[in-house]
Amino acid sequence: APDIPVIDQAYSKLSNSITVEWRAVPGATNYMLTAQDGDSFVETIVKSSPGTVTGLKPATLYRITVRSISSGGKSQPSPFRKVKTVLAAPVLSVRSLSCDSIAVSWKAVPMAAGFSVSLMRSDGLGRMLKQNTTNTSLIFTNLDPGALYTIKAYAWNASGMPGDDFTYNQRTSPNAPVDVKVAFNSGALRAVVSWMPTEGALTYSVTVSSGLLKLRCNTSSASCTVPSLQCSSEYYVSVTAYNDAGSSEPTDAVSLKTIPCAPVNISIEEDVPGHLLVSWSSVTLGHYYVVFVKSDDGLEVHCNTSYTQCHFQSDCGFTYFISVFAYNKAGQSPLGDVFNYTTAPCCPSDFRAVFTSSDTVRVTWAPVRGADLYETRAAGGSAVVLCRDTATACTLSALQCSTPYNITVYSFSEARGSNTSCAPQHVATAPCSPEIKNISKEGLSIISVQWQPINEEATYVVTARGEAGLWHCTSTRNSCTLMDLPCGSAFSVSAIARSPAGQSFPSYSIPLETAPCCPNDLTLTQVAQSVTNISWSVGRGAQTYVTTLESPKGQAKCHTLQTYCLLGCITCGTNYTVSLRAVSETGLTSSCTYQGYSSSPCCPSGVKLYRLSNNGIRVFWRASDETINYKADLHGSKGNFSCTPSSGLTHCDITKIPCGDVYTVVVAPVTDKGPKLTLFSSFCPKKIYSVTCSGSSVGMVIYRGKSNAKHI
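Numbering (full-length UniProt numbering), first residue to last: 1 to 712.
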């Protein structure tokens, strides 16, 4: 291990450290410094002398030792030295009490016998001030305003040894600004405040106060604009300088009087025609007033007065624009309300009234100077009709019909009212619209129309309007007749009244419907012995049809939407009367008759076949009517055969008919309709017979029905 070092000296310059000096030890690479305070100690490794042990407590006695260190190990501790750390620095609290003083205070420092505080401008100007004290506060006075000062303080112990020092920079608050000036802008109602800059001031605050109202403006320059000032007000303006140390005293207040407010409660009266009196309320801070009166033709006059009223000459039919201003040394008041006053206009000229309909009249006239509105009044009967418009024309509607009216046009000014001396014009309205009371049918195409006559000396025209055309009738009384109206047609019937005053509105339309037309063509076709098909052409105006076939033996009827119908239960050989009813959508009917109809003759019964000796067949039947002729038809694969008996007989013969075949036999009546014979075989029943051969060509006639075959 290396040799033990020897301490030359140990001392404390800072309250948390002790510095040690020793002689170097050959072979030592490091040294360990130890400061021991009772049971606690602090160790520090250094390379060489001198070395400092830090992290110590202020004003504390320590035992200091040094050990040398090499690769061989550590030496024994050197003989100790006792060293006491110096006092801790006082922690300052500094503030500027005023623009020329600074107050310094601190907390007591343990083991301190006194304190030393020095103060000097940071820029080095002036002299340094120093004070020793045993107190914990003191005040420096007579300092420069707004200057930055450096303050240094330390404590000493009973032996007079100084401890750590503490340094603090503090600025004094600024002095109040000087040469404050106020420039007032009357148009914008704002003030520009300026002053001479003061040393050390960082910002400025301008206060503009009037009673309880305070306006502020902050700036870092030497001027500030205060907006939104009120008219007719007196303000007091002061400026305060600020820096990080505080504020200066406010400057002496400077008085500022603003422009007067615009006059209010302005009234305009035409106390006598042609004479206007303008008056208003007194304005605070207003020294005198000027009233400007400008007419709508561009002419302007004014009145300058210290009172609160002015008189002006006026002309009728003119509009005057009036404004009042107040003045003082600060300037002119803002523009207040601009009032307009219109004198009474004259009566309109070139008056005309023209009817545009039976209850509407259009009135026109020439414009009148000074009139901004016209009122047209129509008085007649028990009512008055008014029309107001800015135009020189007016339409009066909803006038009472058949009534005389007095129409007057008044020129009107909202400010002055109307001129009531205008003369009326007399007109009469068109007749009242008639009211149809009844429409009755006098005949198939004749309609009588009745109405309530409510007009004097009026002619009435009734019109039936429909798709089929127009029909008219005219009367001066209370009814007229419409002739030759077509069937199956719908009409709208209305009436009007005419007089020298004009034509009325049409009456309310009354719907009229004529009975539907009978179909022109009707065709009957028998489709079975007891079923007949009837078809017809369309009847105009008809929605449904009812067809009837009637005879003493009974009736067949059909109701349909179509133009055809199948009628059953028809009796053969019967004469029927044919009728048709056409029914409209509203229930109107037309009864139509047509030529009679005869059903087909009845078919015979009991049809039988018998073999004849000459390879023939005899066909027998029972006749339904002895006056009817019949014909027998046989249809087979080997040929078709027929026979017709003599009149009155109920059988006929067919010769040389081939055997070994099946025949369809029909016996039907034959009628003579003009030059043509009509056979009704399609309605009669068909029977099937088998003619067999026995031996050679002789055979049997066998009836084949729905059951087994039978020999006849």
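Ideal Cβ placement from N, Cα and C applies to all residues, glycine included.
Spatial distance of residue i from residue j (CA atoms)
i, j, result
"K107", "S15", "16 angstroms"
"P506", "V462", "9 angstroms"
"G336", "S306", "18 angstroms"
"G469", "S397", "33 angstroms"
"T571", "K608", "25 angstroms"
"T577", "S535", "16 angstroms"
"A709", "S647", "Its pLDDT being 35, under 50, A709 is placed unreliably by the model, and the measurement read from it follows with that caveat. In a straight line, the C-alpha of A709 is about 33 angstroms away from that of S647."
"C565", "S504", "52 angstroms"
"V318", "T342", "Note that residue 318 is Phe in the sequence shown here, rather than Val. The alpha-carbon atoms of F318 and T342 are separated by roughly 6 angstroms."
"V667", "I628", "12 angstroms"
"V670", "P604", "11 angstroms"
"T133", "V178", "38 angstroms"
"A326", "L285", "9 angstroms"
"Y236", "L87", "56 angstroms"
"S382", "F351", "24 angstroms"
"S642", "T593", "41 angstroms"
"Q356", "L399", "The question names Gln, yet the displayed sequence has Thr at residue 356. Taking the straight line joining both Cα atoms gives about 12 angstroms."
"K638", "S624", "31 angstroms"
"S579", "T547", "6 angstroms"
"V361", "C346", "23 angstroms"
"P424", "T459", "30 angstroms"
"K152", "S12", "20 angstroms"
"G674", "T481", "In this prediction, G674 scores a pLDDT of 45, lower than 50, which makes its location untrustworthy; the coordinate-derived value is nonetheless stated afterwards. So the two alpha carbons sit approximately 50 angstroms from each other."
"V385", "S281", "44 angstroms"
"V91", "F166", "7 angstroms"
C-beta atoms of residue i and residue j nearer than 9 angstroms
i, j, result
"T532", "S551", "no"
"H426", "Y405", "yes"
"S17", "T54", "yes"
"L612", "T655", "yes"
"P103", "S137", "Per the sequence shown, the amino acid found at residue 103 is Ala instead of Pro. In this structure, S137 lies closer than 9 angstroms to A103 by Cβ."
"Q313", "L277", "no"
"Y545", "Q526", "no"
"P431", "G502", "yes"
"T150", "S122", "yes"
Delimiting residues of the beta strand (DSSP E) encompassing residue i
i, result
"A582", "N575 to V583"
"F292", "Y288 to S295"
"F41", "S40 to V46"
"W195", "R190 to M196"
"R67", "L61 to S70"
"I654", "H651 to I654"
"D633", "N629 to G636"
"G469", "G469 to S475"
"D37", "N30 to D37"
"N478", "N478 -> no beta strand (DSSP E), and no H or E assigned at all."
"T408", "P404 to S413"
"W22", "S17 to W22"
"D8", "I7 to L14"
"T420", "Segment: none, T420 is in no beta strand (DSSP E) and carries neither H nor E."
"Q450", "I446 to Q452"
"K686", "Unbroken run through K686: none, as it is neither H nor E."
"D271", "S267 to V272"
"F80", "First-last for F80: undefined, no H or E at that position."
"Q595", "T589 to S598"
"G606", "S605 to R611"
"S440", "E435 to G443"
"A393", "A393 to L396"
"Q425", "Q425 to A428"
"N640", "G639 to C643"
Same chain, Cβ closer than 6 angstroms to residue i, neighbours up to 5 away in sequence not counted
i, result
"Y589", "A quick correction: the sequence has Thr, not Tyr, at residue 589. Excluding residues within five positions, the ones whose Cβ falls inside 6 angstroms are R581 and V583."
"N175", "C99, P145, T198 and S248"
"C387", "T376, C394 and L396"
Same chain, Cβ closer than 8 angstroms to residue i, neighbours up to 5 away in sequence not counted
i, result
"K214", "T207 and V208"
"P511", "A490, F491, S492 and V493"
"L129", "S118, L119, M120 and F140"
"N640", "D633 and L634"
Cβ neighbours of residue i in the same chain (closer than 7 angstroms, five flanking residues each side left out)
i, result
"G73", "A1"
"S418", "E375, Y410, S411 and F412"
Proximity test, residue i beta-carbon vs the ligand NAP heavy atom, cut-off 8 angstroms
i, result
"N419", "Looking at this structure, you won't find the ligand NAP or any other ligand, since it has none at all."
Interface flag, residue i vs chain D, CB-CB below 9 angstroms
i, result
"T655", "No chain D is part of this structure, which consists of one protein chain only."
Query raised in the report: Can you list, in chain order, the stretches of the beta strand (DSSP E) that have 3 or more residues and sit fully within the region 483 to 569?
Result: 490 to 499, 510 to 513, 522 to 528, 531 to 536, 544 to 551, 554 to 560 and 564 to 567
Query - Those runs of the beta strand (DSSP E) which lie wholly inside the UniProt domain "Fibronectin type-III" (89 to 175) and span at least 3 residues - result: If only complete runs of 3 or more residues are kept, the UniProt domain "Fibronectin type-III" (89 to 175) shows the beta strand (DSSP E) at 92 to 98, 101 to 106, 114 to 121, 129 to 133, 137 to 140, 148 to 156 and 162 to 171, in order along the chain.
Report task. Could you pull out every unbroken beta strand (DSSP E) segment of at least 3 residues lying fully inside the region 297 to 385, listed in chain order? Result -> 300 to 305, 309 to 313, 319 to 328, 339 to 342, 349 to 357, 360 to 366 and 373 to 380
Report task. Within the UniProt domain "Fibronectin type-III" (176 to 261), note down every full alpha helix (DSSP H) run reaching 4 residues or more, in order along the chain. Result -> Listed in chain order, the alpha helix (DSSP H) elements of length 4 or more contained wholly in the UniProt domain "Fibronectin type-III" (176 to 261) amount to none.
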